[in-house]
Amino acid sequence: MVDRHGEGNGAGALEGLISYILITGVVISLFLEAAGLVLFYRSSGTLAISHGGRVIIRAEDFFALLGQLFSAASSGWPLRLMTLGIAVLILTPYARALLSVIYFACQRNFKYLAVTLFVVIILTVSLLVH
Amino acid sequence: MFSLLLISIPVGLIGSLTGLGGASILIPLMVLFGIPVKEAIASGMVSVIATSSGSASAYVRQRIANVKIAMYLEMFTSVGAIIGATITTLIAPVYLYFFFAAFLMTSFLKLKRRPQPDQFSPAGRSRLSRWLTLEGSYFDEARKEIITYTADRPLLGGLGMMVAGLAAGMLGIGAGAFKVTVQEHILRLPSKVASTTSNFIVGMTALAGTSVYLFSGFLNLTLMAPMAIGTTLGAIAGGRVLNKLNDRMLRGLFFCVVVLLIVQMLYKGAASW
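If you read the sequences in order, they're chains R and Y.
The numbering of the first sequence is this note's numbering, which starts it at 1 and goes up by one.
The numbering of the second sequence is this note's numbering, which starts it at 131 and goes up by one.
The structure is reproduced here in structure tokens:
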């Protein structure tokens with residue numbers, strides 16, 4: 001039986017969770033970036049675009065970047081907040097891929113468990129290795 | 131940064147209205163104003179995650195985007211995006227201007243859409259499509275009926291999506307028009323399912339590309355933050371006014387924007403040669 005919303009792919013609960021994760025991640029990320037921009041202006045007195053030094057995000061891997069964020073040697077709060085916003089944004093689709101793996105594992109849908117696991121492995125390797 | 135934020139809002143709006151996406155328009159504009167092309171591309175990739183995730187959230191909730199088909203296709207787009215982003219970190223910037231202009235030309239495929247059939251369930255669907263249950267249904271508000279569909283030729287569609295992922299990772303854009311074309315013409319999905327599923331996939335493709343740029347030193351906070359905020363706000367506004375504009379107006383806007391962007395990137399490429 002198909003309701004007014006259609007059945008999409010027969011995984012209604014998953015769709016609801018994914019939708020929630022996506023919008024929450026984007027809202028948190030944009031809020032952090034906006035807060036970082038405001039603090040950056042208040043501390044430096046300028047909103048000029050810069051091309052070097054502290055404003056460039058560079059890390060050995062994504063998890064090293066998260067470590068840098070919370071280390072004492074890291075840049076001031078404005079740039080830290082903006083970096084955190086970008087990290088949350090990067091984690092948003094990653095989190096929905098992880099959630100899909102868990103969902104299909106619970107459903108014992110081994111075909112889609114393999115499909116989603118493949119994507120998660122590719123993403124994890126790309127975030128860890130360069 | 132403030133001017134970039136202000137520019138990003140109307141650009142996000144136009145990107146949403148034309149279906150090009152904010153990054154496809156903003157990257158050539160940033161290049162025009164002297165931003166290094168690789169930094170512009172890497173920042174574009176991050177803003178794509180924001181705009182795609184924001185709009186995909188609604189499409190997934192409304193069950194128009196097909197999550198299972200999206201997950202199958204993401205296997206191909208994420209691999210393509212990693213390869214594409216790696217190529218960008220290695221090649222000379224001058225080639226990127228020409229690649230960008232060439233890929234923008236594929237956006238015209240969107241204007242040559244064939245009329246959609248009434249039935250989307252081919253009789254002889256492939257074994258892989260049956261095995262993965264690449265099918266679904268949605269309630270079409272315009273036709274006031276439930277549309278049932280199945281994906282045809284999934285392997286060929288996957289390869290097409292790998293090319294889309296490669297271009298997206300390489301150029302820092304969503305490559306939405308190309309992805310929609312692959313889904314409509316190869317997988318034979320209904321337009322609404324193709325465009326919303328494409329939107330859902332774009333965020334994952336962008337993440338795969340961004341992970342490569344993270345190590346390369348092209349992710350610039352003073353570009354990414356205003357660009358992500360501005361294009362997302364613009365895309366939200368675009369989604370609200372889209373239904374109020376007629377199709378002819380949107381096609382005219384699309385044509386003018388794409389031609390201008392192609393000319394600008396070709397000029398920049400020729401000047402840098």
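We put the CB at the ideal spot given by N, CA and C, even for glycine.
I'd like to know if Met379 (chain Y) contacts chain R, where contact means its C-beta is closer than 7 angstroms to some C-beta of that chain. Working through the second sequence from its first residue, we reach residue 379 (chain Y) at position 249. No, Met379 (chain Y) lies away from the interface with chain R (no Cβ there is under 7 angstroms from its Cβ).
With the cut-off set at 7 angstroms, would you say Glu314 (chain Y) and Val119 (chain R) are in Cβ contact? Position 184 of the second sequence, counted from the first residue, corresponds to residue 314 (chain Y). Position 119 of the first sequence, counted from the first residue, corresponds to residue 119 (chain R). No, the pair does not count as a contact, with Cβ atoms beyond the cut-off.
Give a yes or no on whether the minimum CB-CB distance between Thr92 (chain R) and chain Y is below 7 angstroms. Position 92 of the first sequence, counted from the start, is the residue given in the question as residue 92 (chain R). Chain Y has a Cβ within less than 7 angstroms of the Cβ of Thr92 (chain R).
For Ser256 (chain Y), name the three-state secondary structure that DSSP assigns. Working through the second sequence from its first residue, we reach residue 256 (chain Y) at position 126. Looking at Ser256 (chain Y) - three-state DSSP - the assignment turns out to be coil, as it is neither helix nor strand.
Output the distance between the C-alpha atoms of Ile179 (chain Y) and Ser100 (chain R), rounded to the nearest integer angstrom. Taking the second sequence and counting its residues from 1, the one referred to as residue 179 (chain Y) is at position 49. Taking the first sequence and counting its residues from 1, the one referred to as residue 100 (chain R) is at position 100. The straight-line gap from Cα to Cα measures roughly 18 angstroms.
Looking only at its own chain, which residues have a Cβ that is under 8 angstroms from the Cβ of Ile316 (chain Y), when we skip the five neighbours before and after it? Along the second sequence, one-based indexing puts residue 316 (chain Y) at 186. Once the five neighbours on either side are set aside, the close Cβ partners of Ile316 (chain Y) are Asp282, Arg283, Leu286, Gly287, Gly290.
Whole angstroms are fine: how far does the CA of Gly145 (chain Y) sit from the CA of Glu271 (chain Y)? The residue given as residue 271 (chain Y) occupies position 141 in the second sequence. The residue given as residue 145 (chain Y) occupies position 15 in the second sequence. Glu271 (chain Y) and Gly145 (chain Y) have their C-alpha atoms spaced approximately 24 angstroms apart.
Contact list for Val115 (chain R) against chain Y, beta-carbon separation under 9 angstroms: Position 115 of the first sequence, counted from the start, is the residue given in the question as residue 115 (chain R). Ordered by position in chain Y, the residues that pass the 9 angstroms Cβ test against Val115 (chain R) are Lys198, Met201, Tyr202, Glu204, Met205, Leu262.
Counting Cβ pairs closer than 8 angstroms, one from the region 158-168 of chain Y and one from the region 221-229 of chain Y, do we hit at least three? In short, these stretches touch, since the Cβ pair count reaches three.
I'd like the span of the beta strand (DSSP E) that includes Gly266 (chain Y), first residue to last. Position 136 of the second sequence holds residue 266 (chain Y). Gly266 (chain Y) -> beta strand (DSSP E) spans 265-270.
For the region 318-333 of chain Y against the region 181-197 of chain Y, do three or more pairs of beta-carbon atoms, one drawn from each stretch, fall closer than 8 angstroms, so that the two count as touching? Taking a cut-off of 8 angstroms on C-beta distances, the region 318-333 of chain Y touches the region 181-197 of chain Y, as three or more cross pairs fall below it.
Length at least 4, wholly inside the region 136-170 of chain Y: the alpha helix (DSSP H) runs in chain order: DSSP runs (the alpha helix (DSSP H)) wholly in the region 136-170 of chain Y: 152-162.
Check whether the Cβ atoms of Ser183 (chain Y) and Thr92 (chain R) lie closer than 7 angstroms to each other. Indexing the second sequence from 1 puts residue 183 (chain Y) at position 53. Indexing the first sequence from 1 puts residue 92 (chain R) at position 92. Going by C-beta atoms, Ser183 (chain Y) is nearer than 7 angstroms to Thr92 (chain R).
Any C-beta of chain Y sitting closer than 7 angstroms to the C-beta of Arg58 (chain R)? Taking the first residue of the first sequence as 1, we reach residue 58 (chain R) at position 58. Interface residue, yes.
With distances taken from CA atoms, which of Y:Gly382, Y:Thr263, Y:Leu220 is nearest Phe110 (chain R)? Stepping through the first sequence from its first residue, residue 110 (chain R) is reached at position 110. With distances taken between Cα atoms, Phe110 (chain R) lies closest to Y:Thr263.
Could you tell me whether any Cβ in chain R is nearer than 7 angstroms to the Cβ of Ile212 (chain Y)? In the second sequence, counting from the first residue as 1, residue 212 (chain Y) sits at position 82. With 7 angstroms as the cut-off, Ile212 (chain Y) counts as an interface residue toward chain R.
If you follow the alpha helix (DSSP H) that Glu60 (chain R) is in, where does it begin and where does it stop? Sequence index remark: in the first sequence, residue 60 (chain R) carries index 60 (1-based). Glu60 (chain R) -> no alpha helix (DSSP H), and no H or E assigned at all.
I need the straight-line Cα distance from Val371 (chain Y) to Ser71 (chain R), nearest angstrom please. To locate residue 371 (chain Y), count along the second sequence from 1; it is residue 241. To locate residue 71 (chain R), count along the first sequence from 1; it is residue 71. Their backbone Cα atoms lie some 45 angstroms apart in a straight line.
Using Cβ-Cβ distances below 8 angstroms, what residues of the region 165-176 of chain Y are close to chain R? Listed in sequence order: Ile165, Pro166, Glu169, Val176.
Select from the region 98-122 of chain R all residues with a C-beta closer than 7 angstroms to any C-beta belonging to chain Y, and list them in chain order. Within the region 98-122 of chain R, those residues whose Cβ lies closer than 7 angstroms to any Cβ of chain Y are, in chain order, Ser100, Lys111, Tyr112, Val115, Thr116, Phe118, Val119, Ile122.
Can you name, in chain order, every residue of its own chain whose Cβ lies under 8 angstroms from the Cβ of Leu396 (chain Y), other than the five neighbours on each side? In the second sequence, the residue the question calls residue 396 (chain Y) occupies position 266. Counting only Cβ-Cβ distances below 8 angstroms, and skipping sequence neighbours, we find Tyr227, Phe228, Ala231.
Which of helix, strand or coil DSSP assigns to Leu39 (chain R): Counted from its first residue, the first sequence places residue 39 (chain R) at position 39. DSSP places Leu39 (chain R) in helix when its eight states are reduced to three.
Pair within 7 angstroms by beta-carbon distance, Gly155 (chain Y) and Val141 (chain Y): Residue numbering aside, residue 155 (chain Y) sits at position 25 when the second sequence is read from its first letter. Residue numbering aside, residue 141 (chain Y) sits at position 11 when the second sequence is read from its first letter. It is worth fixing the name first, because residue 155 (chain Y) is Ile in this sequence and not Gly. Val141 (chain Y) sits close to Ile155 (chain Y), with the two beta carbons spaced by under 7 angstroms.
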